[in-house]
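Working notes for the structure below.
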Amino acid sequence: MNPFAYLQAKTLRSAVRAARQEGAAILAGGTDLIPLIQDGIVTPAVVVSLGSVRGLDGIRSGSEGLRIGACVTLSALAAHRAVRTRYTALAEAARAAASWQIRNQGTVGGNLCQHSRCWYYRQDFPCLRRGGDRCSAADGENRLHAILGGGPCYDVHPSDLAPALVALDGRVRIAGPGGNREIPLEQLFVHPSANARHHLALGRGEIVTAVIVPRPADGTRSLYLKAMDRAAWSFALASVAVAGRVEDGRVTGLRVCLGGVAPVPWRARAVEQALVGQPLHSQRVEQAVERELEMAKPLGRNAYKVALTRGLLRRALHTLGHAKA
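Residue 258 in the numbering used here sits at position 242 of the sequence shown, with consecutive numbering throughout.
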């Protein structure tokens, strides 16, 4: 492990100032950053801790929606009453992440900003993410890799919270040297076709400070489903987050996002377009799901993910259709 300086920021302004330094890394819960440093994937000159910055560890619920501080732990998010009752997909996603020990330490911001979990990236391979000229997984061990939107890198975004927050139309607040800005959560993630070396659309010195989730319209139901190799401590083989309403037998306000199957959280727009304004009956669900999965391009070892994603989408949409107001 390379030596580095450690700064415990007292204010957000001082954290941003420190984060502008060459080779700075941001520390929240540390469940991703510390292993990255130990494995030599990240070699920071200075680690800037957000643990003492006030205002980053609270959840505020009101008539306009939720404000979730970036340093809120996954356990606190999953247990929050308003999140459980009105933003169900988010509570389910937080509960599904890793083990309870990691949920007690890991944070909302860290879960969204974590690096690729691809084993080639995490080991000493010159993959695209680490400056190489090709994706090692394309013709290699790719059982856990992308079936949608892959190329030139075929890793998958590992966050559980991201699909749920995209389905709930979440936004992310960012502090930086130029002031504060707010963007749709979908825009936080950089597809490798745009830049294979960067996971996030953050400039130098910018820090994620909060996630904003608008209050869902009355009658909205949401859910998160996740398939794993084992019941806990696993990243998603595939996951589905759905938020929408069924009014007078027809679907309104539907948003669907997939996790574990693409390099970024994958908005299932074909499903949304096929179902909004339509009755949510079995045949139409089947057609919508198949329209989305027509775009799937599995690799040599992960074709099973197509069937797995199909099953999760069917289950999520049928559950939405049978949810009671």
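All C-beta atoms in this analysis are idealised placements derived from N, C-alpha and C, irrespective of residue type, glycine included.
Query: Simplified DSSP state of Cys8, which is helix, strand or coil; Result: Absent from the model: residue 8. The displayed extent of the chain is 17 to 341, so no value can be given.
Query: Contact set for His207: own chain, Cβ-Cβ below 8 Å, skip 5 residues either direction; Result: Gly165, Pro279, Val280
Query: Buried or exposed (CB count within 10 angstroms, at least 16 for buried), Phe200; Result: The sequence shown places Pro at residue 200, not Phe. Result: exposed.
Query: N- and C-terminal bounds of the alpha helix (DSSP H) containing Tyr136; Result: 135-138
Query: C-alpha gap between Arg102 and Leu204, whole angstroms; Result: 24 Å
Query: Runs of beta strand (DSSP E) wholly within the segment 22-70 (minimum 3 residues, chain order); Result: 40-43, 62-65
Query: Cβ contact (3+ pairs, closer than 8 Å) linking the segment 254-266 and the segment 176-192; Result: yes
Query: Meets three-Cβ-pair contact criterion under 8 Å: the segment 125-140 and the segment 151-159; Result: yes
Query: Asp73 versus Val88 - alpha carbon distance; Result: 4 Å
Query: Anticipated Cβ contact below 8 Å, Leu309 with Val301, distance rounded; Result: Leu309 to Val301, Cβ: 13 Å. No contact.
Query: Status (buried if at least 16 other CB within 10 Å, exposed otherwise) for Asp48; Result: buried
Query: For Lys242, three-class secondary structure by DSSP; Result: strand
Query: Residues near Phe20 by beta carbon distance below 7 Å, same chain, minus five either side; Result: Pro60, Ala61, Val62, Val63
Query: Per-residue burial, Ala341 [other beta carbons within 10 Å of its own, 16 or more giving buried]; Result: Because the pLDDT of Ala341 is 38, which lies under 50, any placement of that residue in the model is unreliable, and the question is left without a value.
Query: C-beta atoms of Ile190 and Ile228 nearer than 8 Å; Result: no
Query: N-terminal and C-terminal residue of the alpha helix (DSSP H) that Cys129 is part of; Result: 124-129
Query: Expected contact under 8 Å - CB spacing of Gly85 and Ala226 to nearest Å; Result: 5 Å
Query: For Ala306, three-class secondary structure by DSSP; Result: According to the sequence as given, residue 306 is Glu; it is not Ala. Glu306: helix per DSSP, three-state reduction.
Query: Supposed close pair Thr325, Val277 - CB separation, criterion 8 Å; Result: 6 Å
Query: 8 Å CB neighbourhood of Val69 in its chain, flanking five on each side removed; Result: Ala25, Lys26, Thr27, Leu28, Ala31, Cys87
Query: Trp282 (DSSP reduced to helix, strand or coil); Result: strand
Query: Val262 in three-state terms, based on DSSP; Result: strand
Query: beta-carbon Ile57 near the ligand HEM non-hydrogen atom, thresh 7 Å; Result: Within the structure as shown, the ligand HEM is missing, as the structure has no ligands at all.
Query: Given Pro295 as reference, the closest of Leu253, Gly275, Lys313, Leu270 once Cα atoms are compared; Result: Leu270
Query: Which of helix, strand or coil DSSP assigns to Gly337; Result: helix
Query: Candidates Gly148, Ile50, His161: closest to Leu315 by CA position; Result: His161
Query: The segment 230-247 / the segment 210-218 touching (three or more Cβ pairs under 8 Å); Result: no
Query: Val69 at chain E interface by Cβ criterion, 8 Å; Result: The chain labelled as chain E is not found in the depicted structure, where only one protein chain is given.
Query: Whether Val58 touches Leu93 by CB criterion (8 Å); Result: no
Query: Run of the beta strand (DSSP E) containing Asn211, from where it starts to where it stops; Result: First-last for Asn211: undefined, no H or E at that position.
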